[in-house]
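Chains as they are written, first to last, in my numbering: chain S, 215 to 824; chain V, 215 to 824. Beta carbons: idealized from backbone N, C-alpha and C, even for Gly. Predicted model only: the values in this text are computed from it and were never measured.
Next comes the structure, spelled out in structure tokens:
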């Protein structure tokens, strides 16, 4: 036994029923005839049950059997195929990406139930979700003909999907990729030649076909990202009658990874026999050689960035909840504050509680950040008012790099503390912490490394709309502080920390602007990742305090005998811990930025040989 | 190919020949006829060669074959046995622990060459070193008769050794262990009954016998650690004629660990058939039931704590040097500061250089801290002057918890950054970073968890000698600052950071004293681990600056054309990075301590269910 599902749904229900403005979301035309607030508990409970009973049992097959590459074909564990089918059939998979037909779950709900499912087996999730993400791109950007050809199969999960960006010689610099597309006599159909690596679920044996969203450059198009086009490149060619035939797509191997072993990470070679065809999405490159590919791909990419943060949050939370369950049973040592009271369960030790609370507060912070974005997705997509949709899109733009990078940076340290809380058993694969540690490390790298996210934040999002959009995000925090001052009560000190952090953060922005003006652009890069972390801590401090104020009211209302008292008390304690231990890092980073240390920039690369 | 040895010896030679007072060490009677400063380069180069050519090739067998448990017996990879024998025969293994016969390497040298060997295969090292550590305890505490029986075999590495503390029901609280010892008619010989877990190299098939340093309680002795006694418990009983026979020691299994797979972590049951005997070390429990065991065991334990920090440093450094080699070859992206200059090798990117420099500076900091302690070991053991020996022992006492915990805390984050610097390949087992990450996590747990180290620091070391000893450590830093002010030149700003950190640190001590006085002992526990980190950063900041001042002089002397210029420049840049990015954490921790957040203490354990 190594994997164990230990998720608790209470915070998720709190977010949906007490924190997010779900009344607004459920009033949208798309949802109002299908869902009411009363349904939310049931949905969450159902998914919790499926996560534990259907998905979690597959996790060990991922570890023990893994995805195998045999005879040019990936074989996935049979239990993965079954769980994939089950989730698709429930309507919690690809079909939920169908924004043209009503009945799908709100993004706000979908995002949170996916966290619960991801915690049960993170390796499984892209098998389920990627087809939906491809379908969404098809819906947004392609012709009715292509929609008809692809959508039914993608949305049902009968076909799988991938996103193909990275190549052996270009990863972060996707604009340098070498895959080429050549027009054919059939309009919209191109011959493709190229090689892709690190393709998540890039091959599998449980679906009829796989649709690769494939980035390539049409011959003669402009260099760099702007010259790229996006193609629907199926593993098997789809005839007019729907028949499938070979399309010269070869899977030449999969990676041997530290974790996520059930998740095939494929190397693909396409067109080696000059016989690989694909459908162009949208228009061909214009007269200046500018393609539409990167913008189209970013639609899927942004979704994948939220998904990455969600998986990191899920794995950290499940590791933490396992650790705290272990701590109830394991008797060891005496309390520092009461050494004569005899041996106690380790969950009572101060430093063990510190490790739990660090995990609890940080995972709640990440969940809040992500959930706020799921809500923006609902508004962006379905709010009746155009201005409101734009408002939500702007906020989503600002927060997406935080959603991807902050949880995926934190999870490494969080899981380490959950592991530490087991003592020596944490290092043994019989307990789930070691597995979680091995699984989580890729998320700081893929879908744009966390440095890319940090540059996106500082280099683009700070500047978007001449800085007005990011300023609006900070103004939101300022307004919250002003409004909360009278009702903060026992959380007044914490509100003060948030205020101090906000000022310090504005100082960071001014210092970076100053460095940029004086040509010290390198300092921006040197501090970028730390500034991203500080940004997330500031924003999450605000969110956790907002939640804690709700909890404070509930506590006053319900009193200490109520069964929900402990949950609300926990929300307040999470906020106190986070504001007094994580948020102060914002002014610490401000101090570091102020120092403006240039040692990294001054270092000739030769010093690293020593 | 996953493992690759990439060690550079220059910093080690700098430490031995330019920084540590090796003239003093080599003047000690034990060493003066055997070593001169001129020999040091040769020794380091020889060991570097053996590490690469003899030890490193065994690393992959550890991963691929691993230690196996078959038929009640551990089998280690054959290449491990060969490398073990080779190192023992070179005199770089157990024999170096023989403090009674001259010719052994100085601790200062031994510690640093062990770092080089540990980097080549950390899983192998306890097979080699533990016998020596057991021998050292025998030398210090046991009768001439036992010395005669055990020492020759332990020091030659013909027999292995272990330390047996942990049991299924007691780990950190070793005083609660259940193993029992019963006197027999033979004076000094006891029958033992008990079970031990997590015994590193607790069984193996490449040595004639294994000597377990076994903690147990003589029947009727006092409860707690003070009632414990220490035994030499051999796997095979040793007859008067030296013949070996069964001693009722069973290895009932080994752990399935996240890493260090070649290193058997054994579960032992002794005396199940009432037929396990062992020799008591020193005297039996006195009339109050007080045994000598824990004090004796701590001799080995303190050595093991330095060793733990050394392995963490070694693995971090080797991962970093691999990453920077990869970065030379991998071309990807353009420089933020010069986007039009075309694609560059990734080792030129600002954030990649930041990851390297974080690793370089921090591993040099850890190495300096450890090396300072190796030097104190030499003085403590062999200085002619008793006062001087006491002086060194006191300093070693203060620094040991830092040596164990700081490198083993940092290595997790350091290896993560080395891994990140590969991009997606870092997550693949074909490159060495993933393996390093899996290996390193145990070191924050074993030999006393890092929280235990932090309590040792704050609860004991701060108070030792009524606080005079720790104050002397801080005074040393203060004196350094005063003396360096005139010669700091380009490092004046960094010296200022050290001064600021020292003041902040004294503030931390006062605040914790205040909390203790007002009965808030729990706050000490809550902040303990962060204070330990701050302590190490303060002390290492001092050491790196001391080294940088030497480097500064050399640079002035040699000029930029000299082949060693880059090394010295790197030492200065390391210090600048560390003082401006790591050391500021000291005053950050001071601020956190000042906040005095009690959320952890206020949290009822029930909140962690949510």
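Check whether residue i and residue j have beta carbons under 9 Å apart
i	j	result
residue 356 of chain S	residue 493 of chain S	yes
residue 719 of chain V	residue 752 of chain V	yes
residue 643 of chain V	residue 470 of chain S	yes
residue 532 of chain S	residue 779 of chain S	no
residue 661 of chain V	residue 518 of chain V	yes
residue 530 of chain S	residue 629 of chain S	yes
residue 305 of chain S	residue 389 of chain S	no
residue 374 of chain V	residue 301 of chain V	no
residue 761 of chain V	residue 228 of chain V	yes
residue 436 of chain V	residue 653 of chain V	no
residue 275 of chain S	residue 291 of chain S	yes
residue 514 of chain V	residue 377 of chain V	yes
residue 331 of chain V	residue 223 of chain V	no
Cross-chain neighbours of residue i in chain V, by beta carbon under 7 Å
i	result
residue 784 of chain S	821, 824
residue 222 of chain S	823, 824
Selection from the options that minimises the alpha carbon distance to residue i
i	options	result
residue 548 of chain S	V/666, V/601, V/647	V/666
residue 682 of chain V	V/364, V/816, V/803, V/609	V/609
residue 526 of chain S	S/572, S/246, S/620, S/511	S/620
residue 271 of chain V	V/424, V/476, V/420	V/476
residue 315 of chain V	V/372, V/418, V/248	V/248
residue 738 of chain V	V/731, V/726, V/746	V/726
residue 370 of chain S	S/586, S/819, S/303	S/303
residue 797 of chain S	S/458, S/464, S/709	S/709
residue 624 of chain V	V/326, V/664, V/372	V/664
residue 614 of chain S	S/554, S/484, S/404, S/524	S/524
residue 553 of chain S	V/484, V/438, V/501, V/650	V/438
residue 742 of chain V	V/686, V/696, V/680, V/673	V/673
residue 693 of chain V	V/496, V/677, V/713, V/540	V/713
residue 647 of chain V	V/658, V/632, V/655, V/657	V/632
Counterpart residues of residue i in DSSP-defined beta bridges
i	result
residue 368 of chain S	According to DSSP, which records beta bridges pairwise, residue 368 of chain S is partnered with nothing at all.
residue 405 of chain S	S/396, S/491
residue 451 of chain S	S/459
residue 287 of chain S	S/284
residue 468 of chain S	S/480
residue 377 of chain V	V/427
residue 642 of chain S	V/471
residue 545 of chain V	V/559
residue 813 of chain V	Residue 813 of chain V is not bridged to any residue.
residue 445 of chain V	V/428, V/494
residue 552 of chain V	V/549
residue 706 of chain V	Residue 706 of chain V is not bridged to any residue.
Chain S contact residues for residue i, given Cβ-Cβ distances below 8 Å
i	result
residue 814 of chain V	564, 567, 568, 571, 791
residue 255 of chain V	Those within 8 Å of residue 255 of chain V in chain S number zero; the least Cβ separation is about 15 Å.
Contact set between residue i and chain S, taken where Cβ atoms lie within less than 9 Å
i	result
residue 225 of chain V	824
residue 732 of chain V	Within chain S, no residue comes near residue 732 of chain V; the closest Cβ sits about 13 Å away, beyond 9 Å.
residue 561 of chain V	819, 822
residue 659 of chain V	633, 634, 636, 637, 638, 640, 641
Contact list for residue i against chain V, beta-carbon separation under 8 Å
i	result
residue 377 of chain S	Going along chain V, no residue has its Cβ under 8 Å from residue 377 of chain S, so there is no contact; the nearest lies around 14 Å.
residue 626 of chain S	626, 627, 630
Partner residues on chain V for residue i, Cβ-Cβ distance less than 9 Å
i	result
residue 780 of chain S	818, 820, 821, 823, 824
Any contact of the stretch 483-502 of chain V with the stretch 395-404 of chain V, i.e. 3+ C-beta pairs under 8 Å?
For the pair of segments examined, the stretch 483-502 of chain V was found to touch the stretch 395-404 of chain V: the number of CB pairs separated by less than 8 Å reaches three.
Assess, as a yes-or-no matter, whether the stretch 409-418 of chain S is touched by the stretch 473-487 of chain S under the definition of 3 or more beta carbon pairs within less than 8 Å.
Short answer: they touch.
May I ask you to verify whether the stretch 787-806 of chain S touches the stretch 702-720 of chain S, counting CB pairs closer than 8 Å and requiring at least 3?
As far as the Cβ criterion goes, the stretch 787-806 of chain S touches the stretch 702-720 of chain S, which means the pair count is three or higher.
Examine the Cβ distances between the stretch 564-577 of chain S and the stretch 799-814 of chain V and report whether three or more of them are shorter than 8 Å.
Three or more Cβ pairs drawn from the stretch 564-577 of chain S and the stretch 799-814 of chain V lie within less than 8 Å of each other, which places the two stretches in contact.
Counting pairs of Cβ atoms below 8 Å between the stretch 586-603 of chain V and the stretch 242-256 of chain V, do you hit three or more?
With the cut-off at 8 Å, the stretch 586-603 of chain V and the stretch 242-256 of chain V touch.
Specify whether the stretch 503-516 of chain S and the stretch 600-607 of chain S touch according to this definition: at least 3 beta carbon pairs, one from each stretch, less than 8 Å apart.
Result no; under three Cβ-Cβ pairs closer than 8 Å.
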